[in-house]
Amino acid sequence: TELSVDEAKAAAKALDERENTFLGTRHEAEVFEEEATEVTKFAHAPHWPENRKPSWWVMICNQPGDKVIFGPQKFTDVPEASSVASGVGAKGRLYKLQFQSPPQVGTYAFRAVFVSDTFVGDDLAMDLSLTVEDVSALTTEEAGAEDEISEPDEDTLAGQMAAMRGGAVKRRADDEESDESDTDGDDSDSSSDSSDDD
Numbered sequence: 001t002e003l004s005v006d007e008a009k010a011a012a013k014a015l016d017e018r019e020n021t022f023l024g025t026r027h028e029a030e031v032f033e034e035e036a037t038e039v040t041k042f043a044h045a046p047h048w049p050e051n052r053k054p055s056w057w058v059m060i061c062n063q064p065g066d067k068v069i070f071g072p073q074k075f076t077d078v079p080e081a082s083s084v085a086s087g088v089g090a091k092g093r094l095y096k097l098q099f100q101s102p103p104q105v106g107t108y109a110f111r112a113v114f115v116s117d118t119f120v121g122d123d124l125a126m127d128l129s130l131t132v133e134d135v136s137a138l139t140t141e142e143a144g145a146e147d148e149i150s151e152p153d154e155d156t157l158a159g160q161m162a163a164m165r166g167g168a169v170k171r172r173a174d175d176e177e178s179d180e181s182d183t184d185g186d187d188s189d190s191s192s193d194s195s196d197d198d
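The opening residue of the sequence shown carries number 1 in full-length UniProt numbering; numbering runs sequentially from there.
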């Protein structure tokens, strides 16, 4: 079925919101609700000794394809394709890949290669572009949103390293010191136990 322009815009906005929500999580694969998950179907492999669950390997390489930048990484539990194979109405699962970006400012061309370890002819290559921006050009709000790392405690190794470099560290609160046990002991307690035996 064809979507109207308004329906397509609404579906694209919903997909953008879904992607932004997922990118804010720590998960590498989108978590589905219990009722939305369908059991991953096994591949038809009559000569394989057991049920074969399809999986895909993902690699990121440079545009000519002669240098692998990231990967290969295996993805399993990929849901079966919906009746709408592409576009704003397509259903699917979001996955996250993290890799080191180039150090210089500019636009870089990469190629994502998806290889099936189960199906023949299901391989896919997509061209990608990555734009590295100058950090100093970002507003303070944009720059601060990415690097919300708290100052390390002075008792931790990270805190000691930061103090050696002259960085800021959190001081330990005084009430934490009172929670520590006294290793000297109290002589009156041990003497009272021995006097009871007389």
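Note that CB positions come from ideal geometry on N, CA and C, so glycine has one too.
Cβ-Cβ distance between residue i and residue j below 7 angstroms
| i | j | result |
| --- | --- | --- |
| Lys74 | Trp57 | yes |
| Lys53 | Phe70 | no |
| Asp127 | Val105 | no |
| Ala112 | Ile60 | yes |
Whole-angstrom distance between residue j and residue i, CA atom to CA atom
| i | j | result |
| --- | --- | --- |
| Glu50 | Pro72 | 25 angstroms |
| Phe110 | Lys67 | 10 angstroms |
| Gly24 | Lys13 | 17 angstroms |
| Glu2 | Ala8 | 9 angstroms |
| Ser129 | Gln100 | 14 angstroms |
| Gly121 | His44 | 15 angstroms |
| Asp6 | Phe119 | 37 angstroms |
| Gly166 | Arg26 | 31 angstroms |
| Glu17 | Gln160 | 41 angstroms |
| Ser136 | Ser4 | 42 angstroms |
| Thr76 | Leu15 | 22 angstroms |
| Ala163 | Leu138 | 28 angstroms |
Cut-off 6 angstroms between Cβ atoms - residues of its own chain near residue i, not counting five sequence neighbours on either side
| i | result |
| --- | --- |
| Ala29 | Tyr95 |
| Ser116 | Trp56 and Asp122 |
| Glu34 | Bear in mind that a pLDDT of 49 at Glu34, under 50, signals an unreliable position, so the model cannot answer this. |
Same chain, Cβ closer than 7 angstroms to residue i, neighbours up to 5 away in sequence not counted
| i | result |
| --- | --- |
| Phe114 | Trp56, Val58, Asp123 and Leu124 |
| Thr131 | Thr107 |
| Pro102 | Tyr108 and Val132 |
| Asp175 | Because the pLDDT of Asp175 is 47, which lies under 50, any placement of that residue in the model is unreliable, and the question is left without a value. |
Cβ-based neighbour list, residue i, same chain, cut-off 8 angstroms, excluding 5 preceding and 5 following
| i | result |
| --- | --- |
| Val78 | Thr40, Pro54, Ser55, Trp56 and Arg93 |
| Gln98 | none |
| Glu19 | Leu94 |
| Gln63 | Ala109, Phe110, Arg111 and Asp127 |
| Pro46 | none |
Give, in chain order, every unbroken run of the beta strand (DSSP E) that is at least 3 residues long and sits entirely within the stretch 93-124.
106-116
- Item | Those runs of the beta strand (DSSP E) which lie wholly inside the stretch 1-63 and span at least 3 residues | 56-62
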